[in-house]
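The structure under discussion appears below in the form of structure tokens.
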Amino acid sequence: MKKHKMKKIYLLSIILFPLLLTNCVNAHDKTHNDTSNSPMFSGLDSDAGIIAKQFHKALSEANAETVMSLLADDVLILEGGRIERSADEYRAHHLQADMQFSSAVTTKTIEHHVRVHGNTAVSISRSHTSGNYKGRDIDRTGNETLFLTLINGQWKISHIHWSH
């Protein structure tokens, strides 16, 4: 059953990602300097967008309870060649480090789009992170994709992909 659900999420990501990215790509096209046709922020006031913002806020405030409440039990998290296949696995492995990092640095969102399609939503964002963490200067731009699924009337994050 879990494999079927993960396969479904994967297939949705293959289908939805190119469609959703179309709105983001125009912002990077050098021939489109007018951002009025391609806003850098959209869909953040949707219910799914609010969950995405709450997730970021909870990480930066080191609020583990809220972070975990926003994740689906079978969340799939990809980052830096690592994979975590459940909320419990994330809690046991990288949650604390992610909260420590997020609360120690400053992250500014450059672009953020949320698109809702029925019982699924995709949040695509770019951000710049700077500061000092464990004696290392941090100055990097990163990308994030969150897939959200409406489960029992509540939006839950079912997939995260972070890249820097």
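For reference, each letter of the sequence shown is one residue, going -27 to -1, 1 to 137 in mature numbering (1 follows the signal peptide of the UniProt record, and there is no 0).
Just so you know, even glycine gets a beta-carbon here, dropped at the ideal spot from N, CA and C.
Q) If you run the structure through DSSP and keep just helix, strand and coil, what is residue 31? A) Against the sequence shown, residue 31 aligns to sequence position 58. Reduced to three states, the DSSP call for residue 31 is helix.
Q. What residue from 24, 115, 13 has the CA that sits closest to residue 79's CA?
A. As a position in the sequence shown, residue 79 is number 106, starting the count at 1. Closest option to residue 79, Cα to Cα, is 115.
Q: With distances taken Cα to Cα, identify the nearest neighbour of residue 97 among 73, 105, 85.
A: Counting from 1 along the sequence shown, the entry for residue 97 is found at position 124. It is 85.
(Q) In whole angstroms, give me the CA-to-CA distance for residue 3 and residue 125. (A) Taking the sequence shown and counting its residues from 1, the one referred to as residue 3 is at position 30. Taking the sequence shown and counting its residues from 1, the one referred to as residue 125 is at position 152. Caution is warranted here: a pLDDT of 33 is assigned to residue 3, below 50, making its placement in the model unreliable, and the coordinate value is therefore given only provisionally. Looking at the two C-alpha atoms, the distance is approximately 43 Å.
Q. Closest by CA to residue 113, which one among 119, 93, 83, 129?
A. Translated into the one-based positions of the sequence shown, residue 113 becomes position 140. Residue 113 has its Cα closest to that of 83, out of 119, 93, 83, 129.
Q. Between which two residues does the beta strand (DSSP E) containing residue 85 stretch?
A. On the sequence shown, residue 85 is found 112 positions in, with the first residue counted as 1. Counting along the chain, the beta strand (DSSP E) containing residue 85 begins and ends at 78 to 90.
Q) residue 128 and residue 119 look like a contact to me (Cβ under 8 Å); what is the Cβ gap, rounded to whole Å? A) Counting from one through the sequence shown, the residue named residue 128 turns up at place 155. Counting from one through the sequence shown, the residue named residue 119 turns up at place 146. Not quite, the Cβ-Cβ distance comes to about 10 Å (not below 8 Å), so this is no contact.
Q: Tell me whether the beta-carbon of residue 32 lies closer than 7 Å to the beta-carbon of residue 71.
A: Numbered from 1 along the sequence shown, position 59 holds the residue referred to as residue 32. Numbered from 1 along the sequence shown, position 98 holds the residue referred to as residue 71. In this structure, residue 71 lies closer than 7 Å to residue 32 by Cβ.
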